[in-house]
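A.B. asks: This note's numbering numbers the first residue of the sequence shown as 1 and each following residue consecutively. If you scroll down you'll find the structure; I have some questions about it.
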Amino acid sequence: MAEPVREELSALAAIFCGPHEWEVLSRSETDGTVFRIHTKAEGFTDADIPLELVFHLPVNYPSCLPGISVNSEQLTRAQCVTVKEKLLEQAESLLSEPMVHELVLWIQQNLRHILNQPETGSGNAECTFSTSTTVDDGLWITLLHLDHMRAKTKYVKTVEKWASDLRLTGRLMFMGKMILILLQGDRNNLKEYLILQKTSKVDVDSSGKKCKEKMISVLFETKVQTEHKRFLAFEVKEYSALDELQKEFEAAGLKKLFSEFVLALVK
């Protein structure tokens, strides 16, 4: 971790020192650092709106943008996505310098203006998607592997909701004990999905207590190529045999992906 980033994290921990204001979720020499900040910002009626901001600082940050996830019990998912997009726009003007504290201050000062914009809402979510798809390298695809699902019904509903909220298409695939999630969409939204997947209490442990997903791995990520099928929706599918799963990948133009990554899971 670069010294400026280490200093930034230390400063943030000192600034957000109240109960539950600051939490480091993960640190890795290869994946960077993920942390959560709980703060408040003025909303429509001068009342403070609680915000949960999750930042993922990649190893080459601040030369690249951080990953950002926004959640609030008082905002709709579409509004949270809009706030995230505005934060990313602001972050682009701060590249090459540590920026998290500035971004938090900026959203505290500007949340009310963002929410007052008439396009804020589900209609704007689609607009944001099409714009960022053009700007951020087009359509991307990623393949995730889950080790298990104990609370399957709740877990599946959560994954479906995240995919819908973030306008991601693809498949949640079950074959025996194998669980795969194939996602297609805007790269920033794929990054936010991963943040949600890793930081939310989406499953239960062996004692039935809610827990975060610790057994997820990213098998593959790439920009969608001309031979890849564009998925029109997100579907949950069960397969009784490996050849059925293989046909699904081949129909999507992902035969090589299946051979290199999926087959390795059954060997």
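Built from N, CA and C at the ideal position, the CB exists for glycine as well.
(1) Could you check where the alpha helix (DSSP H) with asparagine 60 kicks off and where it finishes?
(2) From lysine 237 to alanine 78, what distance separates their C-alpha atoms?
(3) Would a C-beta distance cut-off of 8 Å place leucine 53 and valine 70 closer than the cut-off?
(4) So what's threonine 153 in DSSP terms, helix, strand or just coil?
(5) What are the start and end residues of the alpha helix (DSSP H) that includes histidine 113?
(6) I'd like the list of long-range same chain contacts for isoleucine 114, defined as Cβ closer than 7 Å, with 5 residues on each side in sequence excluded.
(7) From this set, Arg36, Met215 and Arg150, which residue's C-alpha is nearest lysine 209's C-alpha?
(8) Is the distance from the Cβ of leucine 190 to the Cβ of threonine 158 below 8 Å?
(9) Would the region 215 to 234 and the region 54 to 62 be scored as touching if the rule is three or more Cβ pairs under 8 Å?
(10) Is it buried or exposed, valine 24, if we count other Cβ atoms within 10 angstroms and call 16 or more buried?
(11) By Cβ distance, which residues of its chain are closer than 7 Å to lysine 255, with the 5 residues on each side in sequence left out?
(12) Taking DSSP as the reference, what is the three-state secondary structure of leucine 245?
(13) Measuring straight from C-alpha to C-alpha, what distance separates aspartate 136 and glutamine 108?
(14) Compare the beta carbon distance of lysine 229 and glycine 253 with 8 Å and say whether it is the shorter of the two.
(15) How big is the Cα-Cα spacing for glycine 18 and tyrosine 155?
(16) Between histidine 145 and arginine 167, what straight-line distance do the alpha-carbon atoms span, to the nearest angstrom?
(17) Would you call the CB atoms of leucine 95 and serine 72 closer than 8 Å?
(18) In whole angstroms, what is the alpha-carbon distance linking phenylalanine 258 and valine 100?
(19) Do leucine 103 and glutamine 117 come within 8 Å of each other at the CB atom, strictly closer than that value?
(20) Go ahead and pull the three-state DSSP assignment for glutamate 126.
(21) Run the CB neighbour count on alanine 163, radius 10 Å, all protein chains shown included, and call it buried at 16 or more, exposed below.
(22) Which residue's Cα is closest to the Cα of asparagine 60: Lys247, Ile49 and Ser28?
(23) How about methionine 175 and leucine 182: are their beta carbons less than 8 Å apart?
(24) Let me check understanding here. Comparing Cα to Cα, which of Phe44, Ala2 and Asn188 lies closest to glycine 32?
(25) Give the secondary structure of leucine 65 by DSSP, where H, G and I count as helix, E and B as strand, and everything else as coil.
(26) Going by the DSSP bridge assignment, what does aspartate 48 pair with across the sheet?
(27) Closer than 8 Å by C-beta to leucine 12: which residues in its own chain qualify, once you throw out the five before and the five after it? Chain order, please.
C.D. replies: According to the structure shown:
(1) Here residue 60 corresponds to residue number 60 of the sequence shown, with the count starting at 1. Note, asparagine 60: premise wrong, no alpha helix (DSSP H); not H, not E.
(2) The residue labelled residue 237 in the question sits at position 237 within the sequence shown. The residue labelled residue 78 in the question sits at position 78 within the sequence shown. Cα to Cα, lysine 237 sits roughly 27 Å from alanine 78.
(3) As a first step, residue 53 must be located in the sequence shown, where it is residue number 53. As a first step, residue 70 must be located in the sequence shown, where it is residue number 70. Yes; because the gap between Cβ atoms is below 8 Å, this pair is in contact.
(4) Walking along the sequence shown from the start, residue 153 turns up at place 153. Residue state, collapsed to three classes: helix.
(5) Here residue 113 refers to the residue found at position 113 when the sequence shown is read from its first residue. 100 to 116 is the span of the alpha helix (DSSP H), which, as asked, contains histidine 113.
(6) Start at 1 with the first residue of the sequence shown, and residue 114 comes out as number 114. These residues qualify, in order along the chain: Thr82, Val83, Lys86 and Thr120.
(7) Looking up residue 209 in the sequence shown gives position 209. Residue Arg150 is the option with its Cα nearest to lysine 209.
(8) In the sequence shown, the residue the question calls residue 190 occupies position 190. In the sequence shown, the residue the question calls residue 158 occupies position 158. Their beta carbons are not under 8 Å apart, which means leucine 190 does not touch threonine 158 by this criterion.
(9) no
(10) Residue mapping note: residue 24 aligns to position 24 of the sequence shown, counting from 1. By the neighbour-count rule (16 or more Cβ atoms within 10 Å), valine 24 is not buried but exposed.
(11) As a working note, residue 255 is residue 255 in the sequence shown. Excluding sequence neighbours, lysine 255 sits near Phe249.
(12) Position 245 of the sequence shown, counting from 1, holds the residue named residue 245. In this structure, leucine 245 counts as helix in the three-state DSSP scheme.
(13) For the purposes of this step, residue 136 is identified with residue 136 of the sequence shown, where counting begins at 1. For the purposes of this step, residue 108 is identified with residue 108 of the sequence shown, where counting begins at 1. Here the model assigns aspartate 136 a pLDDT of 39, short of 50, so the residue's position is not dependable, and the following value carries that caveat. So the alpha carbons of these two residues sit roughly 26 Å apart.
(14) Here residue 229 is taken as the residue at index 229 of the sequence shown, counted from 1. Here residue 253 is taken as the residue at index 253 of the sequence shown, counted from 1. In contact: lysine 229 and glycine 253 (Cβ atoms closer than 8 Å).
(15) Position 18 of the sequence shown, counted from the first residue, corresponds to residue 18. Position 155 of the sequence shown, counted from the first residue, corresponds to residue 155. Distance between the alpha carbons of glycine 18 and tyrosine 155: 32 Å.
(16) Along the sequence shown, one-based indexing puts residue 145 at 145. Along the sequence shown, one-based indexing puts residue 167 at 167. Cα to Cα, histidine 145 sits roughly 20 Å from arginine 167.
(17) If you number the sequence shown from 1, residue 95 lands on position 95. If you number the sequence shown from 1, residue 72 lands on position 72. The answer is no: Cβ separation not under 8 Å.
(18) Position 258 of the sequence shown, counted from the start, is the residue given in the question as residue 258. Position 100 of the sequence shown, counted from the start, is the residue given in the question as residue 100. Roughly 39 Å separates the two Cα atoms.
(19) Within the sequence shown, the letter at position 117 stands for residue 117. Within the sequence shown, the letter at position 103 stands for residue 103. No.
(20) Position 126 of the sequence shown, counted from the first residue, corresponds to residue 126. Only weak support is given to the placement of glutamate 126: the predicted model assigns it a pLDDT of 34, under 50, and the question is left unresolved by the model.
(21) On the sequence shown, residue 163 is found 163 positions in, with the first residue counted as 1. The residue in question, alanine 163, is buried, as its Cβ has 16 or more Cβ neighbours within 10 Å.
(22) Numbered from 1 along the sequence shown, position 60 holds the residue referred to as residue 60. Comparing Cα-Cα distances from asparagine 60 to each of Lys247, Ile49 and Ser28, the minimum goes to Ser28.
(23) Position 175 of the sequence shown, counted from the start, is the residue given in the question as residue 175. Position 182 of the sequence shown, counted from the start, is the residue given in the question as residue 182. Going by C-beta atoms, methionine 175 is not nearer than 8 Å to leucine 182.
(24) One-based indexing of the sequence shown puts residue 32 at position 32. The shortest Cα separation from glycine 32 among Phe44, Ala2 and Asn188 belongs to Ala2.
(25) Counting from one through the sequence shown, the residue named residue 65 turns up at place 65. Coil, per DSSP.
(26) Taking the sequence shown and counting its residues from 1, the one referred to as residue 48 is at position 48. Aspartate 48 pairs with Glu42.
(27) Taking the first residue of the sequence shown as 1, we reach residue 12 at position 12. So the list reads Trp22, Phe35, Ile37, Val100 and His101, once near-sequence residues are dropped.
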